[in-house]
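Peer 1: Could you have a look at this structure, given as structure tokens, before my questions?
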Ligand code: SF4
Ligand code: SF4
Ligand code: SF4
Ligand code: SF4
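Residue numbers (my numbering), protein chains in the order written: chain A, 1 to 400; chain B, 401 to 760.
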């Protein structure tokens, strides 16, 4: 059996083999100087032998004045592996787009070397920088040093989780709004909601610059902000021709894959019936030099995605078909606040926005947040005839 | 000890503009097009004519500060100190001088980080914490990912697939990282109702909360050996572990029954087909650490069936929709079982409700 000095880990050693980067090598690289990493290896080896985890959840730990950002983690095997008896996670709010300078990376490493295991996730699922494994006594010092270097904690628990975004206009020609600026703006604007859990459950915001949705917002965010446009796709006919001359089968592979069949190629000119284009991105993705999104750009706002727990998985659905997104983003922030207000009042404990909408009905939800129902919000109108009305006419009532 | 007054709080993340390379600052919002030059290398060309070269390398997500410092050194050596990470845990180096690309790739390889993941390839596997760090894991995360990618690495470093393939892993139904819309999703599953630790349950947990946590109303308050506790109606339990999330005395981990399920055909992008959920392909494979050969084999089978049969650009879900589920099961050799048929809310919507069937 692996002892707490982590000397023998025959099962984990198998994961040092093979061409893909090895997380075991990463942990082992720290084991010499970090007793925490030694004990982590020991406990993990045991998990591999016994086919089960040994972590206890929860326990409220955190930094003063914050309710989120630290995930308490304790080992069931605290006697066998005392150095991971406490092994808390710290979430640090990433800069928009996950850009760093080498200096910023070194700053983070220096802090973490002093106060924790030296293991990280770059990044966690929600987008945060994750520092993996430290003790309660280190939390305040870490927080102090992080904030001195202009970093702050991310969200956890029933709060606004750390918003995240794609690279957007910093590198991507398809971005229909400035995802990094919006993400940064919302994060700063809602600092209180992010650090002090006061919601029924978590709320995630993800900003994708176009319908390719590189941050999976439609599946992962309570609010999915997906860039789009409402005028015509920009076409460079000469560049289209060049693709055709280069051997691309535009008729079959581009027009044939258009979901609304709104494109035509006659061998010389590509025509698009833009009124039927649903902005799926297929043609643009594959003719990057010839086609570009239109110039009247903004975003579609969708609401309600979540993983299966508690009441089944959901994808986000359309709330606002098109919104212009320019600073200071008042219209969007106002909408977010109206949603939170209704959810805060009517959401049950651990009920995500999407589940609340399912429970009260999208129609009622829209009424509550003051948004008009429109056909863009549904795949199709209802099929079932059990229609609710709040009022009915009595004999003698005036018809309106 | 710091007091509340001399602490900086609520400052939020540092503004991204501090970390952007000059070429990005100059051409922000002014990019014209991009091209993939070779596996893992792309160029973005700005209206100004400026070019930004990106080299994408795999990372195991769990990285030590030693590795991060090596990345920082490479960024200094080749990129004026600029790098970023992707939503799928890859690391990207941002260059303006294309003559440095090959040397950077060689240096990355030398420290064990293959370059690829762009275009028609398998990008890195989005995944979760597993036995390394989470309380509710039904399988390990990093280990399974390592084994699957060791096997599929050729599809990361080359672009020989018909379209994009996105794999994700979550070690329990909480699905940190929402794997439920992936071309292939690997999902840890429990298969045994919670083992209630009656001793002291009512001290660590609020019994009404535990009862309320169960989506199928399988939990009710009970006196057990004179102790206030709860009991589980086992035939109602669907092993979601929601009760364990609110109460550690509802033990879910069970080496005999925990394992891995595999789901296919989900996507999040809007290209061609609308986003869709992944659907069940294999309900259960045992946990077989350290190398999970059954999982590795099943994933490879799915990848190969798709790679062989899919049309250009066709994602897994689009491919299966075209050929039909019966043929998917035939081609993969996976057994179709009772477990494949939904029995939760709105299950009827997933039944085949027409006579449109391929009969041969
Ligand atoms: S979501 Fe669209 S804009 Fe954002 S990085 Fe992806 S392709 Fe570019
Ligand atoms: S973006 Fe999609 S829907 Fe619009 S023209 Fe191109 S392929 Fe058709
Ligand atoms: S998916 Fe489940 S087990 Fe895995 S990290 Fe998330 S909560 Fe933990
Ligand atoms: S595992 Fe889920 S279904 Fe089973 S008792 Fe717990 S909450 Fe209920």
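Each residue gets a CB set at the ideal place from its N, CA and C atoms; glycine is no exception.
Using a Cβ cut-off of 9 angstroms, pull out every chain B residue sitting near residue 151 of chain A, in sequence order please.
Peer 2: 411, 413 and 414
Peer 1: So with Cβ pairs under 8 angstroms, would you call residue 518 of chain B a contact of chain A?
Peer 2: no
Peer 1: What residue range does the alpha helix (DSSP H) around residue 309 of chain A cover?
Peer 2: Taken as a continuous stretch (DSSP letters only), residue 309 of chain A belongs to no alpha helix (DSSP H), as it is neither H nor E.
Peer 1: Compute every distance between the C-beta of residue 269 of chain A and the non-hydrogen atoms of ligand 2, then say whether any falls below 7 angstroms.
Peer 2: For ligand 2, not one heavy atom lies less than 7 angstroms from the Cβ of residue 269 of chain A.
Peer 1: Just to check, is the beta-carbon of residue 663 of chain B closer than 7 angstroms to a non-hydrogen atom of ligand 1?
Peer 2: A distance criterion of 7 angstroms places the beta-carbon of residue 663 of chain B beyond contact range of ligand 1, judged by its closest non-hydrogen atom.
Peer 1: Considering only residues of the stretch 408-469 of chain B, which uninterrupted alpha helix (DSSP H) runs meet the minimum length of 4 residues and lie entirely inside it, listed in chain order?
Peer 2: 422-427
Peer 1: Answer yes or no: do residue 166 of chain A and residue 208 of chain A have a C-beta to C-beta separation smaller than 8 angstroms?
Peer 2: yes
Peer 1: If I'm right that residue 104 of chain A touches residue 419 of chain B with Cβ under 8 angstroms, what's the distance once you round it to whole angstroms?
Peer 2: 6 angstroms
Peer 1: Can you name the residues of chain B whose CB is closer than 7 angstroms to the CB of residue 218 of chain A?
Peer 2: Neighbours of residue 218 of chain A on chain B, chain order: 668 and 675.
Peer 1: Quick one: complete alpha helix (DSSP H) runs, 4+ long, within the stretch 88-122 of chain A?
Peer 2: Within the stretch 88-122 of chain A, the complete alpha helix (DSSP H) segments of 4 residues or longer fall at 102-115, listed in chain order.
Peer 1: Is any non-hydrogen atom of ligand 2 found closer than 7 angstroms to the C-beta of residue 318 of chain A, if you look at the structure I gave you?
Peer 2: Closer than 7 angstroms to some heavy atom of ligand 2: that does not describe the Cβ of residue 318 of chain A.
Peer 1: Identify the contact partners of residue 281 of chain A in chain B, using a Cβ-Cβ distance below 8 angstroms as the criterion.
Peer 2: 669, 670 and 671
Peer 1: Name the two residues that bound the continuous alpha helix (DSSP H) containing residue 340 of chain A.
Peer 2: 330-346
Peer 1: Taking all protein chains shown into account, do 16 or more other C-beta atoms lie within 10 angstroms of the C-beta of residue 671 of chain B, making it buried, or fewer, making it exposed?
Peer 2: buried
Peer 1: Assuming residue 621 of chain B is part of the beta strand (DSSP E), what are its boundary residues?
Peer 2: 619-624
Peer 1: Per DSSP, what kind of secondary structure is residue 15 of chain A in: helix, strand or coil?
Peer 2: helix
Peer 1: What residues from chain A crowd round residue 607 of chain B, counting only those whose CB sits closer than 7 angstroms?
Peer 2: Those within 7 angstroms of residue 607 of chain B in chain A number zero; the least Cβ separation is about 15 angstroms.
Peer 1: Less than 8 angstroms between C-beta atoms, sequence neighbours within five positions excluded: which residues of the same chain meet that for residue 372 of chain A?
Peer 2: Contacts found: 366.
Peer 1: Does the Cβ of residue 622 of chain B lie closer than 7 angstroms to at least one heavy atom of ligand 3?
Peer 2: no
Peer 1: When burial is assigned at 16 or more other CB atoms within 10 Å of the CB, is residue 16 of chain A buried or exposed?
Peer 2: Residue 16 of chain A should be labelled exposed.
Peer 1: Count the other C-beta atoms from every protein chain shown that fall within 10 angstroms of the C-beta of residue 506 of chain B, then say buried if there are 16 or more, exposed otherwise.
Peer 2: exposed
Peer 1: On the criterion of 16 or more Cβ atoms from any shown chain inside 10 Å, does residue 389 of chain A qualify as buried, or is it exposed?
Peer 2: Classification of residue 389 of chain A: exposed, given that the 10 Å Cβ count is below 16.
Peer 1: Measuring straight from C-alpha to C-alpha, what distance separates residue 35 of chain A and residue 83 of chain A?
Peer 2: C-alpha separation (whole angstroms): 6 angstroms.
Peer 1: So, helix, strand or coil for residue 756 of chain B, using DSSP?
Peer 2: coil
Peer 1: Given 7 angstroms as the limit, tell me if residue 284 of chain A has its C-beta closer than that to any heavy atom belonging to ligand 6.
Peer 2: Because ligand 6 does not appear in the structure shown, any question about it cannot be addressed here, the ligands present being ligand 1, ligand 2, ligand 3 and ligand 4.
Peer 1: Going by the C-beta, is residue 299 of chain A closer than 7 angstroms to any heavy atom of ligand 3?
Peer 2: No, Cβ of residue 299 of chain A sits at least 7 angstroms from all heavy atoms of ligand 3.
Peer 1: Taking its Cβ as the centre, do 16 or more other Cβ atoms sit within 10 Å of residue 127 of chain A, making it buried, or is it exposed?
Peer 2: buried
Peer 1: Leaving aside the five residues before and after residue 707 of chain B along the sequence, list all residues of the same chain whose C-beta is less than 6 angstroms from its C-beta, in chain order.
Peer 2: 561
Peer 1: Could you give the distance in angstroms between the alpha-carbon of residue 425 of chain B and the alpha-carbon of residue 481 of chain B?
Peer 2: 15 angstroms
Peer 1: Report the residues of the stretch 549-561 of chain B with a CB closer than 7 angstroms to any CB of chain A, ordered along the chain.
Peer 2: 549, 550 and 553
Peer 1: Which one or two residues does DSSP pair with residue 384 of chain B in a beta bridge?
Peer 2: With chain B covering only 401 through 760, there is no way to say anything about residue 384 of chain B.
Peer 1: My output table needs one value for residue 6 of chain A: the three-state DSSP class, helix, strand or coil.
Peer 2: Because residue 6 of chain A carries a pLDDT of 46, less than 50, the predicted location of this residue cannot be relied on, and the following value inherits that uncertainty. Correct three-state label for residue 6 of chain A: coil.
Peer 1: Between the C-alpha atoms of residue 578 of chain B and residue 570 of chain B, what's the straight-line distance to the nearest angstrom?
Peer 2: Cα to Cα, the separation comes out at about 8 angstroms.
Peer 1: Closer than 9 angstroms, Cβ to Cβ, to anything on chain B: give me those residues from the stretch 246-263 of chain A, in chain order.
Peer 2: 249, 252, 253, 257, 258 and 259
Peer 1: Is the number of C-beta pairs between the stretch 692-703 of chain B and the stretch 640-658 of chain B that are closer than 8 angstroms three or more?
Peer 2: In short, these stretches do not touch, since the Cβ pair count stays below three.
Peer 1: Where does residue 31 of chain A land, buried or exposed, given buried means 16+ other C-beta within 10 angstroms?
Peer 2: Residue 31 of chain A comes out buried.
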